[in-house]
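Colleague: Protein chains in written order, with our numbering: chain A, -15 to 160; chain B, -15 to 160.
A virtual CB, placed ideally from N, CA and C, is assigned to each residue, including glycine.
Here the structure is a predicted model, which is why all the values come from computation and not from measurement.
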DNA sequence: GTTTGTGTTTAGAATATTTCGAACATACTG
DNA sequence: CAGTATGTTCGAAATATTCTAAACACAAAC
């Protein structure tokens, strides 16, 4: 790799990953290194290049493989694991949308459900405060469900229009 | 607020926010509290309810206001600042997409540009390694630019189709 | 103009996360 | 089977983040 240019790239990827909320700075640097390297790189070489311990690279690279940003490949002459950067960013993005964003949205929905159930124990549904809470929970749940459906559609290759998720009030979002 | 139900909700929002990559657990709890509260709540009351110091709430609530998840309102009889949850989640989502995701994508693009510029200093463009690096940088930049354009379109209310950002090879993505 | 109520800043304590090196496990080599 | 090369796990050290209480700043009240 062209050395000085490489340093710029690693720094940049590190910063970008660090603020992404999904991966860490070091993972960004690892990816940056591999991405500019034509041949697969061994764990020790990565550790060397980034001035990190082998164990730290081992841990962090697992996350990268997990998100399909890096592939583990075996190199004929060597017993070591080697790694190369994936180039299918689209796939990575889908993975993140599925496993991070949608997971998060479902968590919100589940929380609304559970809260509503718990609230039902405490107060009658004619209670003014109870009605207020129910209405708020509904609004939030609906938003989350809408975005979730939108991402799902997008993942499957369909177009997503904002007002489909947003503008239309409630009943349009029925299952069928 | 219905007490037990509230606790469930705060916990859930805390967890959801914590894994969101944008806001913190505490900010999730603050939002959760305000969201189920019909009336604006003072800073000290929030600190009380969440068992946190006033200063901590002060710091954390600033982020919430920043992302438009919470509004500061003034309550007639009182000198204190009061806060209420915003209900326009759509707006919040746009804000996050603009200020977080797109910012991040631009950072990637800028890094590619700068790396390419730096690489140009070091090696001739006929150099095999140099060509490889250039090609990779192009691919990454193009992906980032595509997603960026997609989000922009979405923000403006237009539909976004995956293959527009992804499938079509390069030249379709011209400015006009 | 002093006092009182309020939000913010700050310095350090508490807590969580990252990183390292050593110990360990496993699989290949001879 | 003994020995070596390799990746992973583990406990401690280093670092970063979150949180608190006290000091501060500012405005309203008296």
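Contact check, residue 19 of chain B vs residue 84 of chain A under 8 Å by CB: the rounded distance?
Modeller: Rounded, the Cβ-Cβ distance is 23 Å, inconsistent with contact.
Colleague: Measure from the alpha carbon of residue -9 of chain B to the alpha carbon of each residue in B:112, B:35, B:3 and B:88, then state which is nearest.
Modeller: B:35
Colleague: Quick one, which of A:93, A:61 and A:9 has its alpha-carbon nearest residue 40 of chain A's?
Modeller: A:9
Colleague: For residue -7 of chain B, which of A:137, A:98 and A:61 has the nearest alpha-carbon?
Modeller: Considering only alpha carbons, the answer is A:98.
Colleague: Mind checking whether residue 92 of chain A and residue 0 of chain B have CB atoms under 8 Å apart?
Modeller: In this structure, residue 92 of chain A places its C-beta atom within 8 Å of the C-beta atom of residue 0 of chain B.
Colleague: Could you round the C-beta distance between residue 67 of chain B and residue 54 of chain B to whole angstroms and report it? I think they count as a contact, below 8 Å.
Modeller: 5 Å
Colleague: If you reduce the DSSP assignment to three classes, tell me which class residue 54 of chain B lands in.
Modeller: strand
Colleague: So what's residue 42 of chain B in DSSP terms, helix, strand or just coil?
Modeller: helix
Colleague: Is the Cβ of residue 81 of chain B closer than 8 Å to any Cβ of chain A?
Modeller: no
Colleague: Got a sec: which bits of the region -2 to 30 of chain B sit with their beta carbon under 8 Å from any beta carbon on chain A, in order along the chain?
Modeller: -1, 0, 3, 4, 5, 6, 19, 20 and 22
Colleague: Name, please, each residue of chain A whose Cβ falls closer than 8 Å to the Cβ of residue 88 of chain B.
Modeller: 0, 3 and 4
Colleague: Determine the burial state of residue 51 of chain B: buried for a count of at least 16 other Cβ atoms within 10 Å of its Cβ, exposed for fewer.
Modeller: By the neighbour-count rule (16 or more Cβ atoms within 10 Å), residue 51 of chain B is buried.
Colleague: From the DSSP output, which residues share a beta bridge with residue 76 of chain A?
Modeller: Bridge partners of residue 76 of chain A: none, in fact.
Colleague: Give the interface partners of residue 51 of chain B over in chain A, defined as CB-CB distance under 9 Å, in chain order.
Modeller: Simply none; closest approach about 13 Å.
Colleague: Under the three-state reduction of DSSP, which class applies to residue 117 of chain A: helix, strand or coil?
Modeller: helix
Colleague: Consider the Cβ of residue 153 of chain A: report whether some Cβ of chain B lies at a distance smaller than 8 Å.
Modeller: Because residue 153 of chain A sits at a pLDDT of 47, beneath the cut-off of 50, its placement in the model cannot be relied upon, and the following sentence gives the value as read from the coordinates. Taking Cβ atoms only, chain B never reaches closer than 8 Å to residue 153 of chain A, which makes this a no.
Colleague: Can you name the residues of chain B whose CB is closer than 9 Å to the CB of residue 145 of chain A?
Modeller: 138, 141, 142, 143 and 144
Colleague: Using 8 Å as the limit for Cβ to Cβ distance, is residue 55 of chain B near chain A?
Modeller: Judged by the 8 Å Cβ criterion, residue 55 of chain B is not in contact with chain A.
Colleague: What are the boundary residues of the alpha helix (DSSP H) that residue 107 of chain B is part of?
Modeller: Run containing residue 107 of chain B: none; DSSP gives neither H nor E here.
Colleague: Let me know the secondary structure DSSP gives residue 158 of chain B once reduced to three states.
Modeller: Any answer about residue 158 of chain B is weak, because its pLDDT of 41 lies below 50 and its placement is not dependable; what the coordinates show is given next. In this structure, residue 158 of chain B counts as coil in the three-state DSSP scheme.
Colleague: Quick one: residues in its chain with C-beta nearer than 8 Å to the C-beta of residue 113 of chain B, no 5 flanking neighbours on either side, listed in chain order?
Modeller: 107
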